[in-house]
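Undergrad:
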Amino acid sequence: SLSKMISPEIRWHGVLLTFPSVRNGEKLVGVEHPATATSINNLADLLREKGEYAEAEQLYRRNLATWSKLLGEEHPHAIMTRAELAALYAEQDQFELAEPLLRQACEQTARVMGEDSMLHINSVIRLSVLLRDSGRRPEALQLLRDAVARAEGRMSPLSPRLQKLRRHLEAMEKNPSTLH
Numbered sequence: 006s007l008s009k010m011i012s013p014e015i016r017w018h019g020v021l022l023t024f025p026s027v028r029n030g031e032k033l034v035g036v037e038h039p040a041t042a043t044s045i046n047n048l049a050d051l052l053r054e055k056g057e058y059a060e061a062e063q064l065y066r067r068n069l070a071t072w073s074k075l076l077g078e079e080h081p082h083a084i085m086t087r088a089e090l091a092a093l094y095a096e097q098d099q100f101e102l103a104e105p106l107l108r109q110a111c112e113q114t115a116r117v118m119g120e121d122s123m124l125h126i127n128s129v130i131r132l133s134v135l136l137r138d139s140g141r142r143p144e145a146l147q148l149l150r151d152a153v154a155r156a157e158g159r160m161s162p163l164s165p166r167l168q169k170l171r172r173h174l175e176a177m178e179k180n181p182s183t184l185h
């Protein structure tokens, strides 16, 4: 049960939040229902943002198992949960745990959605950031170049997201140690 994993309340930006809707969802529609899984994923995101990594990891792992069972290992929900779990590890400098998850997400998004899909492009960007942060800048730079090139084929040249990616690439090319 979710109530055994986390405390029933949490403070977020000074506001007391409780999670009866997640518990109620478990009771009403079941622990393996997509609505419950979505609520749990949102809670995991919140816990991760708050720095409660152990609790967030439990929820991401639970959700990854749920999405994989309900929709399959290569469904976008399972892939994104895997990427969120990898992000959690990366935030704790556990690159050896994060990298295989992100590489798997990249492989799956390329196979399922296509290499020009935004889901794949975003997965590649996440992997490039991880590689940069773990000191593997040449590989990170090449992945980022590829991702920006693909994004340019998908996005408006005026897109704020594309402009940000280009600035990030320029900064990394000029100074590989720059973190943007």
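Sequential numbering from 6 applies to the sequence shown in the numbering used here.
Idealized CB from N, CA, C, for every residue including glycine.
1) Gln109 CB to nearest chain D CB: under 7 Å?
2) Can you give me the C-alpha to C-alpha distance between Gly19 and Asn47, rounded to a whole angstrom?
3) Here's the rule I'm using: 16 or more other beta-carbon atoms within 10 Å means buried, otherwise exposed. How should Leu64 be labelled?
4) Using only the alpha-carbon positions, how far apart do Glu144 and Cys111 sit?
5) Excluding sequence positions up to five away, which residues of its chain have a Cβ less than 7 Å from the Cβ of Ala61?
6) Mark Ser161 as exposed unless 16 or more other C-beta atoms lie within 10 angstroms of its C-beta, in which case mark it buried.
7) Taking Asn47 as part of the alpha helix (DSSP H), name the residues at either end of that continuous run.
8) So, at 6 Å on beta carbons, what are the nonlocal neighbours of Ala95 in its own chain, with the 5 sequence-adjacent residues on each side left out?
9) Taking only the alpha-carbon atoms, compute the straight-line gap between Met123 and Ala88 and give it to the nearest angstrom.
TA: Based on what the coordinates show:
1) No chain D appears in the structure shown, which is made up of a single protein chain.
2) Reliability of the predicted coordinates at Gly19 is poor, the pLDDT of 46 falling under 50, and the value obtained from them is presented with this limitation in mind. Looking at the two C-alpha atoms, the distance is approximately 18 Å.
3) buried
4) 15 Å
5) Ala49, Leu52, Arg53, Leu93
6) exposed
7) 39-55
8) Within its own chain, the residues whose Cβ lies closer than 6 Å to the Cβ of Ala95, once the five positions on either side in sequence are excluded, are Ala103, Leu135, listed in chain order.
9) It is roughly 14 Å from the alpha-carbon of Met123 to the alpha-carbon of Ala88.
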